[in-house]
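Just below is one structure, and these are the notes that go with it.
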Amino acid sequence: MSVNKEFVKFDKVDKSYDGKVLVVKDLQLDIAEGEFITMLGPSGSGKTTCLMMLAGFETPTNGEIYLDGNAISSIPPHKRGIGMVFQNYALFPHMTVYENLAFPLRVRKIPKDEADKKIDKALSMVSLQGFAQRMPGQLSGGQQQRVAVARSLVFDPQLVLMDEPLGALDKNLRESMQYEIKHIHENIGVTVVYVTHDQSEALTMSNRIAVFNDGKVQQLSSPDELYEKPVNSFVAEFIGENNTFAGEVSDISNGKCKVKLAHADILANPISVKGKGEKTTVSIRPERALINPTDKMDNIHKGKIEEVIYHGDHTRVRINLLGNPEFILKVPNSSSNLDIKLGNEIKIGWNSDDARALDPK
Amino acid sequence: MSSENKQILTTDGIPLEVSLKKAEKKNKIKAFLLVAPLLLFIIITYVFPIGDMLMRSVDDKMVTEMLPKTFKSMEKWDGDELPPEEVFEAFYFDFQKLIEEEREGKLSTQLNYTKNGFKSIIKKLRRKSKSFEEGNYKEQIMSVHKRWADVEYWRAIKRRAPAYTYQKYLKGVDMFENEKGKIVNVSEDRRIHRILWLRTLEIAFFVTVFCFLMAYPIAHLLATLPMKYSNLLMICVLLPFWTSLLVRTASWMILLQQQGIVNDFFVMIGLVTDDNRVEMMFNKTGSYVAMTQILLPFMVLPLYSVMKTISPSLMRAGKSLGGTPFVAFWKVYFPLTIPGIGAGCLLVFILAIGYYITPALVGGASGTLISNQIAFHMKSTLDWSFASAMGLMLLSGVLVIYWLYNKLVGIDNIKLG
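Here is the structure:
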């Protein structure tokens, strides 16, 4: 059985609300069947608009969206057969949990005994058996969330959209729900398009993440690749923590480049720079720079400790390094790190491979 | 352990429980004092007038006090044939006293309410009684006018004996207690109140329906439009509200009259011919149109306040789950607006059922309501007790509707804002 690689396809989709500003620009995005894909981005980046276009509540200004090979722009939302979980759950407050789940089945004229089976199954999937006769108002936030998930799945849609479904939950509940949704996805193999602005949520749950900014997909790749190999400075900045140096490429050879900063030169991995004289932003993850480098790292510099913050399992150290007073290091709390004291000068080193020379900010 | 059993004392040595109760009592008094003005206001402006109205509607002491001796002597009379001499004698002495006090005119008015024809025979009796001789009053009174010899008229007097009466209520539904004490309908050509009651209910009902049909889309629009447009629309809804009721009614008169703008327009587009203009005023149409317009905001506002709280994502959820827009509306949106519908309908219906000025001005003969009849009896016939009786019937009708509503929808479901 071959997996449909283009189960959902955004083909050159533009969207503008006022005819002046494009909130989605020339979107090209393929989603494979059974995939869990997350649209991640700051607010106003166009991710929710994309979701709404897919659900049918907004129409693309230009371009076409295909679902399983069929153009769907002219199909009204209720005929698309796409499950959706809304930001505030959108449970029908005047119906019991059972009636909420029965709604999509009734409108599809599924016989009652079959519908009951499906509802039981959906409720057990989110471990809410025995809650069928409750009203949504009698449930906690997490339970309402699960009912919303169950309702979006009860009619066996091929595609489920989730619009920041965990936004209203507290941190612990949110984390446990992340796993729960991920497991449900793994168990039933439905295609999920998930929208969030929470990067840790995106990293834990998704097969692939599409990072949105300014109406465009900045990078579409798996969570690890996104974190380890951001393709531009926005992604590097948006996902995880990041230390940056702004400079100019002074030499480029052998897959390495030399970047000229105000007072020093550093070696970096040229990602989006092509030649000499280009402006660039060099991005280094905090955990990739080490204190007191022992092995042969090709970047070793001295910096002054400005701030030390204890975090339990690790310590964050802020260092003034090469003119950047915001250089952050994450140091695991083990007995070997002794020299971390405020005001000390220490040596910092990293591999040029981990220093990615990206587009200038 | 001993410290737990000990009474807890405050710093000044009073048991905590006692001082807590003291503080609570103080708070209660404070709270009561805050409510007191409102309570007083309601008692003075609401409970007293309605109580007085209730008393008036059943009060029939006037005649009882005017003819005390007569009624006492009538106690034994069975009313089959003319009363005995002692009744006539008692009546003569009561009547003389009334003449002295110049109150015989009031008596004639009162007795005339009970039976037509008393006015003239009492005038005549007053004139003739000056020359009455002592003794055998029966003969003398009967000789004044042949009606005084008619047992019907004496029965009519006897019917006024009780200090309290429910006659006015019977009259309100076109019934009366006949000579034999049976409750019967008045003759068909004199039944006006029942028609008025039914018309009042009918007009109130349809005005409520029209208001609902017009207000629902407006309220929906108000609740869903972006702020800058919805504010403007809200002002449009409220603008008539801020205009005097009389001005609005008068402007409807200008619009609806036969030479009015609406008729001019109909003639212009050729809907009607010039000499065949539609009568839209001084009939039910006038009442419907003007009352619907005037009461519309009372429907829009509760609906709007409820719709405002319904998240737009609910309709979206309904659609995304496969419901057509109509199903999503009917199964999801509409049930959630029921509290607003209930509040709006109840409000409009209750206001419409007691509406006065508008039907009086544009209703004409076939568009007036029971409240106009009440006003008529207050101002023109001065039969305040009858007006009070009808007012109370209206009030109890409203209470019944309220009760029914509570049974059907539940008053807790109501939402005014």
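Chains D and G are the protein sequences, given in the same order. Position 1 of the first sequence, counting from 1, maps to 2 under this note's numbering, and the rest follow consecutively. Position 34 of the second sequence, counting from 1, maps to 1346 under this note's numbering, and the rest follow consecutively. No residue lacks a Cβ here, since even glycine has one placed at the ideal position from N, Cα and C.
The C-beta of T1636(G) comes closer than 8 Å to at least one C-beta of chain D.
Around the beta carbon of I1530(G), 16 or more other beta carbons lie within 10 angstroms, which makes this residue buried. Of the residues T295(D), N325(D), R286(D), the one whose Cα lies closest to the Cα of K305(D) is N325(D). The three-state reading of DSSP puts Y1667(G) in coil, since its state is none of H, G, I, E or B. Between the region 1471-1489 of chain G and the region 1359-1375 of chain G, the count of C-beta pairs closer than 8 Å reaches three or more; the two stretches touch. Of all residues in the region 158-169 of chain D, none places a beta-carbon less than 7 Å from a beta-carbon of chain G. Against chain G, a Cβ distance below 9 Å from F58(D) picks out R1628, K1631, S1632. Taking C-beta atoms under 8 Å as the contact rule, R286(D) and D355(D) qualify, at a distance of about 7 Å. Taking a Cβ-Cβ cut-off of 7 Å, the neighbours of V1639(G) in chain D comprise V108, given in sequence order. Ranking A1629(G), L1648(G), V1549(G) by CA distance to the CA of L1607(G) puts V1549(G) first. Separation of E65(D) and E202(D) (C-alpha to C-alpha, rounded to the nearest whole angstrom) is 29 Å.
Note on geometry: alpha-carbon atoms of P1637(G) and K1631(G) lie some 6 Å from one another. Taking a Cβ-Cβ threshold of 9 Å, none of the residues of chain G is close to G20(D); the smallest such distance is about 16 Å. Looking at the backbone, the Cα of D1587(G) and that of T1597(G) are separated by about 20 Å. Nearest C-alpha to Q219(D) among D225(D), F239(D), M206(D), E229(D): F239(D).
Excluding the 5 residues flanking it on each side, K1440(G) has same chain C-beta neighbours closer than 6 Å at V1456, in chain order. With fewer than 16 other CB atoms across the displayed protein chains lying within 10 angstroms of its CB, M1580(G) is exposed.
Judged by DSSP secondary structure, F213(D) falls within the beta strand (DSSP E) whose first and last residues are 209-214.
E249(D) is a Cβ neighbour of E279(D), given a cutoff of 8 Å.
For M85(D), the closest Cβ of chain G is nearer than 8 Å. Residues of chain D whose Cβ lies closer than 9 Å to the Cβ of L1537(G) do not exist; the shortest such Cβ separation is about 15 Å.
With fewer than 16 other Cβ atoms inside 10 Å of its own Cβ, E1446(G) counts as exposed. H312(D) and H198(D) have their C-alpha atoms some 24 Å from each other.
Note on geometry: alpha-carbon atoms of N255(D) and P294(D) lie some 24 Å from one another.
The region 97-115 of chain D makes no contact with the region 180-199 of chain D; the number of CB pairs closer than 8 Å stays below 3.
Of all residues in the region 1608-1626 of chain G, only S1623, S1625, L1626 place a beta-carbon less than 8 Å from a beta-carbon of chain D. With respect to F156(D), G1634(G) sits close: the two C-beta atoms are nearer than 8 Å. By a beta-carbon distance limit of 8 Å, G350(D) does not contact G190(D). Their separation comes to about 46 Å. Of Y67(D), G138(D), L268(D), G84(D), the smallest CA-CA separation from T97(D) is found for G138(D). Taking a cut-off of 8 Å on C-beta distances, the region 1519-1529 of chain G touches the region 1652-1660 of chain G, as three or more cross pairs fall below it. DSSP places Q219(D) in the uninterrupted beta strand (DSSP E) bounded by 217-222. Per DSSP, reduced to three states, the secondary structure at Y228(D) is helical.
The Cβ atoms of A1629(G) and M54(D) lie no closer than 8 Å to each other. Within 9 Å of the CB of V1644(G), the CB atoms of chain D belong to F93, H95, M96, F104, in sequence order along the chain.
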